[in-house]
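> Questions regarding the structure given below will be posed in turn.
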Ligand code: DX5
Ligand code: ZN
């Protein structure tokens with residue numbers, strides 16, 4: 012099964028972002044996963060609009076903004092203008108989820124909805140007709156380098172059953188080459204990997220290895 016690979020910038024060397032992004036783009040990664048954290052919805056702060064805006068001129072990849080922020084409705088427009096192609100919000104965020112997803116779509120962007128490991132799939136079902144991608148977190152949002160939580164496999168399989176074979180189901184957290192087959196066999200087709208790609212000695216080679224993996 013062909014996967015869409017989304018290297019997470021969070022694990023990149025921030026002294027040379029354009030170079031890092033260009034390396035994974037040339038190697039064939041489709042999405043650039045952009046982890047935005049506000050220190051409120053999640054206990055960590057990363058980067059925001061200016062970084063995404065600057066990188067936009069350096070890359071043609073699909074910019075996949077994962078907003079781990081409170082009140083995302085206040086910011087989706089800024090992230091759309093900065094050049095995000097997909098904007099994913101968390102079901103746990105203090106926003107009117109349906110309205111915010113509608114807002115993302117009205118800005119001409121793809122809308123994603125993310126579920127932390129302890130959020131039941133049922134919480135996302137009411138929004139299935141409004142989203143282009145479902146993000147099932149395989150770690151608790153907030154930090155790179157955590158261990159894949161095996162319990163989420165069942166949620167991925169159930170989501171695949173409900174959403175059909177073509178729908179984009181993204182998995183995020185703790186995915187490496189050695190366990191890539193776990194989320195993919197469960198039914199995920201969009202794979203985020205931070206430590207395994209930008210955290211490796213050779214991100215371009217890591218992309219090639221992920222793309223070549225027999226699944
Ligand atoms: C976690 C982020 C992830 C993170 C993944 O909150 O959403 O995208 O960068 O990192 P790894 O692949 O290291 O688990
Ligand atoms: Zn993420």
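In the numbering used here, the protein residues as written are 12 to 226. Just so you know, even glycine gets a beta-carbon here, dropped at the ideal spot from N, CA and C.
(1) Grab the span of the alpha helix (DSSP H) containing residue 220 for me, first residue to last.
(2) Using 10 angstroms around the beta-carbon of residue 226, count the other beta-carbons present and answer buried if the total reaches 16, otherwise exposed.
(3) Using the beta-carbon count (16 or more within 10 Å), is residue 101 buried or exposed?
(4) What is the rounded straight-line gap between the Cα of residue 161 and the Cα of residue 131?
(5) Indicate the three-state DSSP secondary structure (helix, strand or coil) for residue 121 in the structure shown.
(6) Give me the Cα-Cα distance between residue 87 and residue 98, rounded to the nearest whole angstrom.
(7) Are the region 136–145 and the region 184–197 touching by the rule of at least three beta carbon pairs closer than 8 Å?
(8) Since residue 42 sits in a beta bridge, which residues does DSSP pair it with?
(9) Round the Cβ separation of residue 96 and residue 121 to the nearest angstrom and send it over; I've been treating them as touching at under 8 Å.
(10) Mind the definition here: the region 38–58 touches the region 70–77 only if three or more C-beta pairs lie below 8 Å; say whether that holds.
(11) Under 9 Å, do residue 22 and residue 155 count as touching if we go by C-beta distance?
(12) Report whether the distance from the Cβ of residue 205 to the nearest heavy atom of ligand 1 is below 8 Å.
(13) With a threshold of 8 Å (Cβ to nearest heavy atom), would residue 183 be considered close to ligand 1?
(14) Below 8 Å on the Cβ atoms is my contact criterion, and I expect residue 124 with residue 181 to pass it. Report the Cβ-Cβ distance as a whole number of Å.
(15) From which residue to which residue does the alpha helix (DSSP H) around residue 167 run?
(16) What residues match up with residue 144 in a beta bridge as DSSP calls it?
(17) Taking all protein chains shown into account, do 16 or more other C-beta atoms lie within 10 angstroms of the C-beta of residue 103, making it buried, or fewer, making it exposed?
(18) Using only the heavy atoms of ligand 2, determine whether one of them is closer than 8 Å to the beta carbon of residue 46.
(19) Excluding five sequence neighbours on each side, which residues of the same chain lie with their C-beta closer than 7 Å to the C-beta of residue 37?
Reading off the structure:
(1) Your numbering for residue 220 matches position 209 in the chain shown. First-last of the alpha helix (DSSP H) with residue 220: 214–223.
(2) Counting from one through the chain shown, the residue named residue 226 turns up at place 215. Classification for residue 226: exposed.
(3) Here residue 101 refers to the residue found at position 90 when the chain shown is read from its first residue. Residue 101 comes out buried.
(4) Indexing the chain shown from 1 puts residue 161 at position 150. Indexing the chain shown from 1 puts residue 131 at position 120. Going from the Cα of residue 161 to the Cα of residue 131 covers about 15 Å.
(5) Translated into the one-based positions of the chain shown, residue 121 becomes position 110. When secondary structure is reduced to three states using DSSP, residue 121 falls in the strand class.
(6) In the chain shown, counting from the first residue as 1, residue 87 sits at position 76. In the chain shown, counting from the first residue as 1, residue 98 sits at position 87. The C-alpha of residue 98 is placed about 7 Å away from the C-alpha of residue 87.
(7) no
(8) Here residue 42 corresponds to residue number 31 of the chain shown, with the count starting at 1. Under DSSP, residue 42 takes part in a beta bridge, and its partners are 73.
(9) The count along the chain shown starts at 1 and reaches residue 96 at position 85. The count along the chain shown starts at 1 and reaches residue 121 at position 110. Contact between residue 96 and residue 121 holds: their C-beta atoms lie close to 6 Å from each other, under 8 Å.
(10) yes
(11) Along the chain shown, one-based indexing puts residue 22 at 11. Along the chain shown, one-based indexing puts residue 155 at 144. Result yes, Cβ atoms of residue 22 and residue 155 sit closer than 9 Å.
(12) Counting from 1 along the chain shown, the entry for residue 205 is found at position 194. Yes, Cβ of residue 205 sits closer than 8 Å to a heavy atom of ligand 1.
(13) The residue given as residue 183 occupies position 172 in the chain shown. True, at least one ligand heavy atom lies under 8 Å from that Cβ.
(14) Numbered from 1 along the chain shown, position 113 holds the residue referred to as residue 124. Numbered from 1 along the chain shown, position 170 holds the residue referred to as residue 181. Going by Cβ atoms, the distance from residue 124 to residue 181 rounds to 10 Å, so no, they are not a contact pair.
(15) One-based indexing of the chain shown puts residue 167 at position 156. Residue 167 -> alpha helix (DSSP H) spans 163–174.
(16) Here the question's residue 144 lines up with position 133 in the chain shown. According to DSSP, residue pairing for residue 144 in a beta bridge involves 123 and 179.
(17) As a first step, residue 103 must be located in the chain shown, where it is residue number 92. Residue 103 should be labelled buried.
(18) Within the chain shown, the letter at position 35 stands for residue 46. Yes, the beta carbon of residue 46 sits closer than 8 Å to at least one heavy atom of ligand 2.
(19) Position 26 of the chain shown, counted from the first residue, corresponds to residue 37. Cβ within range, chain order: 215.
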